[in-house]
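Protein chains: 2
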Amino acid sequence: MFYEIPNDEPIYPISTAAKLLNISVHTLRMYEKEKLIIPFKKNTNHRLYSASDIERLKCIRNAINESKISINGIKTIYSMMPCWEFIGCSEEERNYCPAYSSHSEPCWAVKGENTICSKKECRNCDVYNKFSECSNIKSFIKNLSRVK
Amino acid sequence: MFYEIPNDEPIYPISTAAKLLNISVHTLRMYEKEKLIIPFKKNTNHRLYSASDIERLKCIRNAINESKISINGIKTIYSMMPCWEFIGCSEEERNYCPAYSSHSEPCWAVKGENTICSKKECRNCDVYNKFSECSNIKSFIKNLSRVK
DNA sequence: ATTAGTTGGTATTTATAAATGCCAAATATT
DNA sequence: AATATTTGGCATTTATAAATACCAACTAAT
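Line by line, the protein sequences give chains A and B.
Heads up, the final residue of the first sequence is numbered 148 in this note's numbering, and it's a clean run with no missing numbers.
Heads up, the final residue of the second sequence is numbered 1148 in this note's numbering, and it's a clean run with no missing numbers.
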């Protein structure tokens, strides 16, 4: 038996990731600058991408190229995700958290100071990982219901 | 005392609306084709815009020009609105309604057949009227909470 | 040691969404 | 009756987001 590489293990250097996606390394850096993706960084500051990073990027590429949604559009859609319900942070914490009120940046791009999330690595967070497609965001919203 | 014109009364012909917004009439028709706006139509098929239509359009213009969100991006953001919670339709109805599952078109663009909404005029609907800004959509989502 | 790949910055190119122009038929206005 | 405006369709222009190229300093591999 061979050791199977976990989906979230950062293995691909940027050039490989670029080839897999058929784009340039600059585009990948741009997506990172725009906070659409958070690649793993080695101590030497070199990026590594996991298989799930590649999937995430395919989804982003699809939104841009097929669905014709601009990068700022994608960011705004991400900002609609009610992360607080998923994280389960306290009412006090969410009131301090910029992610709770932002409607232009994803939660992982505005990360507050005194929140549950401030110590966490967003790259490993389920809000970041599981809701890269807007269908998933809408599904999550569907499972919420009105406070009586 | 003068009679005050209600905010939602359709009074401006397309050329006036275009002047108020500093855009061409073609752009207004394009936004309509894209289902971003539903102007009132006279029996002769001529469009009329209300003051609140103009406000809605200013908001759309702002999203496009300032926030750099593409038209398809705006449509997708609108599709995130949990209209069913606002309308209060039955569980059966929402399962039949395409708006419940769409994540690319606003509810008023996909309007189902056997729903509460099928007979209603979306132009007069609060979901259409009150949630033209993504800040309002996010605020509404905030007032939902997780089903235990 | 030499070659190959990565870093971040600015400048440039390209692809295309968004906006506009033009048209003839229909409707509105005076 | 004559003039002005609206209609929708297709063609064209324009504005710019997205992608790429180039750069020198740094890190990795053989």
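All C-beta atoms in this analysis are idealised placements derived from N, C-alpha and C, irrespective of residue type, glycine included.
A contact between stretches requires three or more CB pairs, one per stretch, nearer than 8 Å, and the segment 127 to 139 of chain A fails this requirement with the segment 1003 to 1010 of chain B. No Cβ-Cβ contact shorter than 9 Å links T27/A with Y49/A.
Ranked by how close their Cα comes to the Cα of I1023/B, the residues N1065/B, N1124/B and S1145/B have N1065/B in first place.
Against chain A, the CB of S1132/B has no partner CB under 9 Å away; the residue lies outside that interface. Contact residues of the segment 1026 to 1040 of chain B toward chain A are absent (C-beta to C-beta distance below 8 Å). Counting along the chain, Y3/A sits inside no beta strand (DSSP E), nor does DSSP assign it H or E at all. Note: R1047/B is bridge-paired with K1041/B in the DSSP secondary-structure output.
For V1110/B, the closest Cβ of chain A is not nearer than 9 Å. P1039/B sits close to R1123/B, with the two beta carbons spaced by under 9 Å. For L20/A, the enclosing alpha helix (DSSP H) has its first and last residue at I14 to L21. Non-local beta-carbon contacts of M80/A in its own chain, meaning distances under 6 Å to residues more than five positions away in sequence, are absent. Under the three-state reduction of DSSP, S1118/B is assigned to helix.
With fewer than 16 neighbouring CB atoms inside 10 Å of its own CB, T44/A falls in the exposed class. Scanning N72/A, G88/A and Y78/A for the CA closest to the CA of E133/A turns up Y78/A.
L1028/B: member of the alpha helix (DSSP H) spanning V1025 to K1033, first to last residue. By the Cβ-count criterion, V1127/B is buried, with 16 or more other Cβ atoms from all chains shown falling within 10 Å of its own Cβ. Note on geometry: alpha-carbon atoms of I1011/B and L36/A lie some 43 Å from one another. Identification of residues in the segment 53 to 73 of chain A having a C-beta nearer than 7 Å to some C-beta of chain B yields S67, K68, I69, S70, N72 and G73, given in sequence order.
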